[in-house]
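Asker: In my numbering, the protein residues as written are 666 to 1035. Cβ atoms here follow ideal geometry from the backbone N, Cα and C, with glycine treated the same way. Values in this document were obtained by computation on a predicted structure and should not be read as measured data. What follows is a single structure, and I will ask about it in a moment.
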Amino acid sequence: RGTMTVGETAKLLHKDASEVIKKLISMGVMATINQELDIDTILLLAAEFGVEVEVKIPVEEDRFETVEEVDNEADLKERPPVVTIMGHVDHGKTTLLDAIRSTNVTSGEAGGITQHIGAYQVEINNKKITFLDTPGHEAFTLMRARGAQITDITIIVVAADDGVMPQTVEAISHAKAAGVPIIVAVNKIDKPDADPDRVKQELTEYELVPEEWGGDTIFVNVSAKQRMGLEELLEMILLVAEVNEFKANPNKRARGTVIEAELDKGRGPVARVLVQHGTLKVGDAFVAGNCFGRVRAMVNDKGRRLKEAGPSTPVEITGLTEVPQAGDPFMVFEDERKARSIAEKRAITQRQSELGSNTRVTLDDLFKHI
Ligand code: GDP
Ligand code: MG
């Protein structure tokens, strides 16, 4: 049967062999650099690292070739930016998220019944922006744990009457570590004791310098409560998105991240996912963490049923066998058999690593179970 060594797999995934070995260990697989990995394990690793690989099975059934799937520049299309809001407690993150969400209810979408699906989209100047409405620090924790990029832009909210506080600093360092562009929203400017200039002054210490002071950080004064400055904030997000040219190929199998998941009494396991690459379609077979399924129904943040969802679209899906975890990578496979086999393998590797990493597990042990 066809295999690749750990070393070759590392090269394919643009990772150090040591990183791949570490990941394998976390999956309960003790491997050396020359160890041969089988195709499912390679696909599993690729999904864990967020690298797409395409498997080619030529002439002989037992031989395969794995090549990295690289998008042609021409296939990449502009996609909405994915934005998170972070900042110190009580500085107005929730109020701002709610205010932005409701700015848009009137435009377009009939009824405007918003549905909580962990993220939502608004439209301004005919362009969409996706907001993750899970707390920003959670999104970043997930990103760090998975090494996956979920958010494109971070809004750091600082209350103008309170100034830079410990969680402000923490948020800045998270965003910087992840290399995510920062926009500062100076909030609560309606308050009599608001001092937006003090906030600017304090933030220069963290290398966030406004343009008028010779820096390149965008600051927007807002009042989430009085809905002031929201349009400007949204326009600034579009500006940053334009500069960064966030793109994805919509014409391939979908890949993304689970934002939230739960067991619904009536509908069974429900997952809210952010599609990041490709287009997710009703009927697609997929793996999400240890779970697999086939998309039975898909609903957007306005409660509208969708047949397909392209890059940067948050959707709620049903049709899973079990409840995945927030942060789990989500990936569509060509058929349900492959999806099932990968999900089962993941479940086993997870159980193995939970059983204790002292036990030596070989690939043969691992494959015996399936
Ligand atoms: P979070 O902890 O960052 O999510 O903060 P919240 O959104 O829960 O806001 C904390 C408190 O500040 C609430 O009582 C809000 O009503 C209030 N608040 C939020 N934004 C503003 C604002 O722009 N102006 C004023 N005056 N109060 C605000
Ligand atoms: Mg809050």
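Applying the criterion that 16 or more other CB atoms from any shown protein chain within 10 Å of the CB defines a buried residue, is ASP827 buried or exposed?
Answerer: Buried: at least 16 other Cβ atoms inside 10 Å.
Asker: Rounded to a whole number of angstroms, what is the C-alpha to C-alpha distance between PHE729 and THR668?
Answerer: For PHE729, the pLDDT reaches just 39, beneath the cut-off of 50, and the residue's location in the model is therefore unreliable, leaving the point undetermined.
Asker: Could you confirm whether any beta carbon from chain D is found closer than 8 Å to the beta carbon of HIS756?
Answerer: Structure shown: chain D not included; a single protein chain is present.
Asker: Which term fits VAL935, buried or exposed, when burial requires 16 or more other beta carbons within 10 angstroms of its beta carbon?
Answerer: It is buried - the Cβ of VAL935 has at least 16 other Cβ atoms within 10 Å.
Asker: Under three-state DSSP, which class holds THR768?
Answerer: THR768: helix per DSSP, three-state reduction.
Asker: Is GLN990 close to ligand 1? I mean its beta-carbon at under 7 Å from any heavy atom of the ligand.
Answerer: GLN990: no, Cβ never under 7 Å from ligand 1.
Asker: Tell me MET963's beta-bridge partners as DSSP assigns them.
Answerer: Bridge partners of MET963: ILE982.
Asker: Please confirm whether any heavy atom of ligand 2 lies closer than 7 Å to the CB of THR759.
Answerer: Under cutoff, so the answer is yes.
Asker: Just grab the DSSP bridge partners of ARG937 for me.
Answerer: Looking at the DSSP assignment, ARG937 forms a beta bridge with GLU925, GLU981.
Asker: According to DSSP, is ALA950 part of a helix, a strand, or is it coil?
Answerer: Strand.
Asker: Which of the three DSSP states, helix, strand or coil, is assigned to LEU1059?
Answerer: There is no way to answer for residue 1059, as the model of the chain reaches only from 666 to 1035.
Asker: Give me the residue from GLN891, THR922, LYS912, ARG918 with the minimum Cα distance to LYS856.
Answerer: Closest by alpha carbon: GLN891.
Asker: How far does the alpha helix (DSSP H) with GLY752 in it reach, from first residue to last?
Answerer: GLY752 -> not in any alpha helix (DSSP H); beta strand (DSSP E) instead, spanning 747-752.
Asker: To the nearest angstrom, how far is it from the Cα of ASN909 to the Cα of THR816?
Answerer: The alpha-carbon atoms of ASN909 and THR816 are separated by roughly 13 Å.
Asker: Within 10 Å of its beta-carbon, does GLY879 have 16 or more other beta-carbons around it, so buried, or fewer, so exposed?
Answerer: The residue in question, GLY879, is exposed, as its Cβ has fewer than 16 Cβ neighbours within 10 Å.
Asker: Tell me whether THR697 is buried or exposed, calling it buried when 16 or more other Cβ atoms sit within 10 Å of its Cβ.
Answerer: Exposed is the call here.
Asker: ALA953: which of GLU1001, GLY931, LYS930 sits nearest, CA to CA?
Answerer: Ranking the options by Cα distance to ALA953, first place goes to GLU1001.
Asker: First and last residue of the alpha helix (DSSP H) that includes VAL905?
Answerer: Here the alpha helix (DSSP H) through VAL905 covers 895-909.
Asker: If we count the other Cβ atoms within 10 Å of its Cβ and call it buried at 16 or more, is ARG969 buried or exposed?
Answerer: By the neighbour-count rule (16 or more Cβ atoms within 10 Å), ARG969 is not buried but exposed.
Asker: So what does DSSP say about THR799, is it helix, strand or coil?
Answerer: Three-state DSSP puts THR799 in coil, outside helix and strand.
Asker: Going by DSSP in three states, VAL834 sits in which element: helix, strand or coil?
Answerer: In the structure shown, VAL834 sits in a helix (DSSP, three-state: H, G or I).
Asker: How many angstroms separate the CA atom of GLU788 from the CA atom of ILE794?
Answerer: Cα to Cα, GLU788 sits roughly 6 Å from ILE794.
Asker: Mind checking whether the beta-carbon of VAL754 lies closer than 7 Å to any heavy atom of ligand 1?
Answerer: Checking every heavy atom of ligand 1 against the Cβ of VAL754, one is found closer than 7 Å.
Asker: Determine, using beta-carbon pairs with one atom in the region 915-934 and one in the region 990-1006, whether at least three such pairs fall under 8 Å.
Answerer: Touching, yes, given that three or more Cβ pairs across the two stretches are closer than 8 Å.
Asker: Within the chosen definition, does the region 737-754 reach the region 818-832 through at least 3 CB pairs nearer than 8 Å?
Answerer: Cβ pair count under 8 Å is three or more, so yes.
Asker: Have a look at the DSSP bridge pairing and note the partners of GLU701.
Answerer: Answer by DSSP bridge pairing, in chain order: THR670.
Asker: Starting from GLN866 and walking both ways along the alpha helix (DSSP H), at which residues does that stretch end?
Answerer: 861-869 is the extent of the alpha helix (DSSP H) around GLN866.
Asker: So for PHE729, helix, strand or coil by DSSP?
Answerer: Only weak support exists for where PHE729 lies, its pLDDT of 39 falling under 50; the coordinates are left without a value.
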